[in-house]
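For this note's numbering, count along the sequence shown from 1 and bump the result up by 815.
For every residue, glycine included, the Cβ atom is placed at its ideal position computed from N, Cα and C.
Below is one structure, written out as structure tokens; the observations come after it.
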Amino acid sequence: MKKTLLTPILLVFIIFSGNAQTTFGPKQTINANTGNDPYAIATGLIDGDAYADIITGTTLTNQLVWYKNNADGTFTAQTNIANSIDYVGFINLVDLNNDGFLDVLVTAYTSNSLTWYANDGAGNFGTEQLIGTLTGASGLATGDIDGDGTIDVVATSFEGDSVMWFANNGMGSFGSVNILDNTLTAPATVNLQDIDNDGDLDAVVPTALGSGNVDVIHIFRNDLIPGGTASFIKDATPVATGKNYFVNAIFKDVDGDNDYDVLATELNTSAGTGHLYWYENTGTGFTENEIATSVGNPSTVLFEDLDGDGLNDIVLSSGSPGSGNDIVWFKNNGGGLFGSEVVIDATQSNTYVMSIADFDNDTDLDIASLAYNQDDLNWFENQLIVLSTPSVSMRNLNIYPNPVNERLNFKGTFGVDLNVSVTDMVGKQVMASSISEGGTLDVSPLNAGLYILRIENSNTIYRFIKN
816 MKKTLLTPIL LVFIIFSGNA QTTFGPKQTI NANTGNDPYA IATGLIDGDA
866 YADIITGTTL TNQLVWYKNN ADGTFTAQTN IANSIDYVGF INLVDLNNDG
916 FLDVLVTAYT SNSLTWYAND GAGNFGTEQL IGTLTGASGL ATGDIDGDGT
966 IDVVATSFEG DSVMWFANNG MGSFGSVNIL DNTLTAPATV NLQDIDNDGD
1016 LDAVVPTALG SGNVDVIHIF RNDLIPGGTA SFIKDATPVA TGKNYFVNAI
1066 FKDVDGDNDY DVLATELNTS AGTGHLYWYE NTGTGFTENE IATSVGNPST
1116 VLFEDLDGDG LNDIVLSSGS PGSGNDIVWF KNNGGGLFGS EVVIDATQSN
1166 TYVMSIADFD NDTDLDIASL AYNQDDLNWF ENQLIVLSTP SVSMRNLNIY
1216 PNPVNERLNF KGTFGVDLNV SVTDMVGKQV MASSISEGGT LDVSPLNAGL
1266 YILRIENSNT IYRFIKN
């Protein structure tokens, strides 16, 4: 039975033991027939509830489908968003028209297109809107490139040997193409961060020619001119050279020293010959470090906190077919040191892509993945969190309504004033207050969205939606 939000809603009490260990449950298949060769995935809040949904795209059957999270561990496939694009390469969920809802942004390799589909907030998507034409449209990233406060789009043209960006007027209308770079051969993906702390977004781009050990990773620094003219300058020295098929490279602070390093996967083109690297930012260049893994052909690498210790861990998927480990993770021990590999799954084939989100709303991060060779969409539940019965002193505490427009009501007998804090979904504290019995919390100043409320000196959390 589908779970729904009730009024009032009892708090969920979450207990962390001192020696809690992150483990993942077995594979739960969402769809065993996604369409031929699924290759793109993204997650986010699509239809206005508090549960993360999933978008997938295929390479051969022209399918772009969203899966509604039913809040009970199951997902339901909705109507195909588009069937006019061929070979979906990347998907991003981002609000392009500034209406508060996540739209779908897509590159299609064979269609040579960069397109987007407006979301009305209920998971109904508009018709295809073409942003630009790119030969072999592949990688995708979004951010404010030109400093005007709107979300622009960057994409790679794999066969056109170029990286392009398109300025957004804030309402989903895009200008003509701007060339970020046209010096690289076979640019694969693109990732954006302000790595030099000058207030504008820089880019890291790996290449994936896949033959001759000629692939590289290059950084392009945005030299934004006041008034909104962006100009990218390629670093004289590449981050890496002499590799074979870089499929993924992302800016992350791997060693916790407050500068951006680069995490990268070398898929390679021969079975079992790929590598996982992190390149340390030394201030004057980048130093290569290899992380040993049983994954023979690393594909997607993500950097997220799986075990709740405040340090982001490495999560890696395999592009290999057949038997072998398909998703693994490495615990971050701090300072660029990682624990031994832990296997999450070894039942898939060609797990090129995955996405991380809290699908069951228990505050730990779960994993969704696509098995390219099996046409499967699966998810894996993170079992770090242990749910327990609340203590007697807090048992009758109710907080309602949810969703809320103006005030959260605190009802029950809890003896002392409660010190509560509210954070947004990126962990930023946006509110703090002391609540007495029968008190309320005025949340009307908050923007619409999903928030987490914590109670001091307890292991209690509460999620609510602000309308």
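State the beta-bridge partners of residue 868 as determined by DSSP. Translated into positions along the sequence shown, residue 868 becomes position 53. According to DSSP, residue 868 bridges with 859.
Rounded to a whole number of angstroms, what is the C-alpha to C-alpha distance between residue 1193 and residue 993? Mapped onto the sequence shown, residue 1193 falls at position 378. Mapped onto the sequence shown, residue 993 falls at position 178. Rounded to whole angstroms, residue 1193 to residue 993 spans 38 Å at the Cα level.
Counting beta carbon pairs with one atom in the segment 1214-1230 and one in the segment 884-904, are three or more of them shorter than 8 Å? no
Residue 973, DSSP secondary structure in three states: Position 158 of the sequence shown, counted from the start, is the residue given in the question as residue 973. Three-state DSSP puts residue 973 in coil, outside helix and strand.
Residues bridged to residue 952 (per DSSP): One-based indexing of the sequence shown puts residue 952 at position 137. DSSP lists 972 as partners of residue 952.
Proximity to residue 1255 [Cα-Cα], best of 1090, 1141, 1045, 1212: In the sequence shown, the residue the question calls residue 1255 occupies position 440. The residue with the shortest Cα to Cα distance from residue 1255 is 1212.
Got a sec, what are the start and stop residues for the beta strand (DSSP E) residue 1246 sits in? Numbered from its first residue, the sequence shown carries residue 1246 at position 431. Residue 1246 -> beta strand (DSSP E) spans 1244-1250.
Taking the beta carbon of residue 986 as the centre, do at least 16 other beta carbons fall within 10 Å, making it buried, or is it exposed? Here residue 986 is taken as the residue at index 171 of the sequence shown, counted from 1. Burial call: exposed.
Kindly indicate the opening and closing residues of the beta strand (DSSP E) around residue 1189. One-based indexing of the sequence shown puts residue 1189 at position 374. Where residue 1189 is concerned, there is no enclosing beta strand (DSSP E), given that its DSSP letter is neither H nor E.
Rounded to whole angstroms, what's the CA-CA distance from residue 1041 to residue 895? Just pull it up for me. What you label residue 1041 is simply residue 226 of the sequence shown in a count that begins at 1. What you label residue 895 is simply residue 80 of the sequence shown in a count that begins at 1. For residue 1041 and residue 895, the gap between their C-alpha atoms comes out near 43 Å.
Three-way DSSP call (helix, strand, coil) for residue 1087 in this model: Looking up residue 1087 in the sequence shown gives position 272. Three-state result, residue 1087: coil.
Within 10 angstroms of the Cβ of residue 1058, are there 16 or more other Cβ atoms? Answer buried if so, exposed if not. As a first step, residue 1058 is located in the sequence shown; it is residue number 243 there, counting from the start. Burial is judged here by how many other beta carbons sit within 10 angstroms of a residue's own beta carbon; residue 1058 has at least 16 and is buried.
Please classify residue 1244 as buried or exposed, where buried requires at least 16 other C-beta atoms within 10 Å of its C-beta. Position 429 of the sequence shown, counted from the first residue, corresponds to residue 1244. Residue 1244 is exposed by the Cβ-count criterion.
Does residue 841 pass the burial test, meaning 16 or more other C-beta atoms within 10 Å, or should it be called exposed? Here residue 841 is taken as the residue at index 26 of the sequence shown, counted from 1. Residue 841 is exposed by the Cβ-count criterion.
Provide the residue(s) that pair with residue 1280 in DSSP beta bridges, ordered along the chain. Start at 1 with the first residue of the sequence shown, and residue 1280 comes out as number 465. DSSP lists 1265 as partners of residue 1280.
Where the beta strand (DSSP E) through residue 1055 begins and ends: The residue labelled residue 1055 in the question sits at position 240 within the sequence shown. Per DSSP, residue 1055 belongs to the beta strand (DSSP E) from 1055-1058.
The beta strand (DSSP E) with residue 1111 in it runs from where to where? Here the question's residue 1111 lines up with position 296 in the sequence shown. For residue 1111, there is no enclosing beta strand (DSSP E), as DSSP marks it with neither H nor E.
If you scan the segment 969-1040 from start to end, which runs of the beta strand (DSSP E) of 3 or more residues do you find wholly inside it? 977-981, 993-996, 1006-1008, 1017-1021, 1030-1037
Residue 878 in three-state terms, based on DSSP: Locating residue 878 in the sequence shown gives position 63, where the first residue counts as 1. Under the three-state reduction of DSSP output, residue 878 falls in the coil class, being neither helix nor strand.
Around the Cβ of residue 1107, are there at least 16 other Cβ atoms within 10 angstroms (buried) or fewer (exposed)? Taking the first residue of the sequence shown as position 1, residue 1107 is located at position 292. That one is exposed.
Determine the DSSP secondary structure at residue 900, reduced to helix, strand or coil. By one-based count along the sequence shown, residue 900 stands at place 85. Note: residue 900 maps to coil in three-state DSSP.
In terms of alpha-carbon separation, which member of 1150, 936, 931 lies closest to residue 955? Your numbering for residue 955 matches position 140 in the sequence shown. Nearest of 1150, 936, 931 to residue 955, Cα basis: 931.
Could you have a look at residue 1270 and say whether DSSP puts it in helix, strand or coil? Taking the first residue of the sequence shown as 1, we reach residue 1270 at position 455. If DSSP states are grouped into helix, strand and coil, residue 1270 belongs with the strands.
So, helix, strand or coil for residue 917, using DSSP? Within the sequence shown, residue 917 is the residue found at index 102, counting from 1. Coil at residue 917, not helix or strand.
Cα separation between residue 981 and residue 1258? If you number the sequence shown from 1, residue 981 lands on position 166. If you number the sequence shown from 1, residue 1258 lands on position 443. Their backbone Cα atoms lie some 37 Å apart in a straight line.
DSSP three-state call for residue 960: helix, strand or coil? As a working note, residue 960 is residue 145 in the sequence shown. Judged by DSSP in its simplified three-state form, residue 960 adopts coil rather than helix or strand.
Under 7 Å Cβ to Cβ from residue 1161, same chain only, skipping five residues before and after it: list those, please. As a position in the sequence shown, residue 1161 is number 346, starting the count at 1. If we look at residue 1161 and ignore the five residues flanking it on each side, its Cβ neighbours are 1139, 1140, 1141.
Rounded distance between the beta-carbons of residue 1269 and residue 1248, thought under 8 Å: Indexing the sequence shown from 1 puts residue 1248 at position 433. Indexing the sequence shown from 1 puts residue 1269 at position 454. Actually they do not touch by this definition, with Cβ atoms about 12 Å apart.
Quick one: grab the DSSP three-state call for residue 1180. As a working note, residue 1180 is residue 365 in the sequence shown. In this structure, residue 1180 counts as coil in the three-state DSSP scheme.
Between residue 1115 and residue 934, what straight-line distance do the alpha-carbon atoms span, to the nearest angstrom? Your numbering for residue 1115 matches position 300 in the sequence shown. Your numbering for residue 934 matches position 119 in the sequence shown. So the alpha carbons of these two residues sit roughly 27 Å apart.
Taking the straight line between their C-alpha atoms, what separation do you get for residue 1125 and residue 899? Reading the sequence shown from its first residue, position 310 is the one you call residue 1125. Reading the sequence shown from its first residue, position 84 is the one you call residue 899. Roughly 43 Å separates the two Cα atoms.
How would you call residue 1150, buried or exposed, if buried means at least 16 neighbouring beta carbons within 10 angstroms? Taking the first residue of the sequence shown as position 1, residue 1150 is located at position 335. Residue burial annotation: residue 1150 is exposed, with fewer than 16 other C-beta atoms found within 10 angstroms of its C-beta.
Once you ignore the five residues that flank residue 1182 on each side, which residues in its own chain have a CB closer than 8 Å to its CB? Here residue 1182 refers to the residue found at position 367 when the sequence shown is read from its first residue. Answer for residue 1182: 839, 1130, 1142, 1159, 1169, 1170, 1171, 1194, 1195, 1197, listed in chain order.
Could you have a look at residue 1067 and say whether DSSP puts it in helix, strand or coil? As a position in the sequence shown, residue 1067 is number 252, starting the count at 1. Here residue 1067 sits in strand by DSSP.
Simplified DSSP state of residue 851, which is helix, strand or coil: Counting from 1 along the sequence shown, the entry for residue 851 is found at position 36. It is coil, neither helix nor strand.
Between the beta-carbon of residue 1267 and the beta-carbon of residue 1238, is there less than 8 Å? In the sequence shown, the residue the question calls residue 1267 occupies position 452. In the sequence shown, the residue the question calls residue 1238 occupies position 423. Result yes, Cβ atoms of residue 1267 and residue 1238 sit closer than 8 Å.
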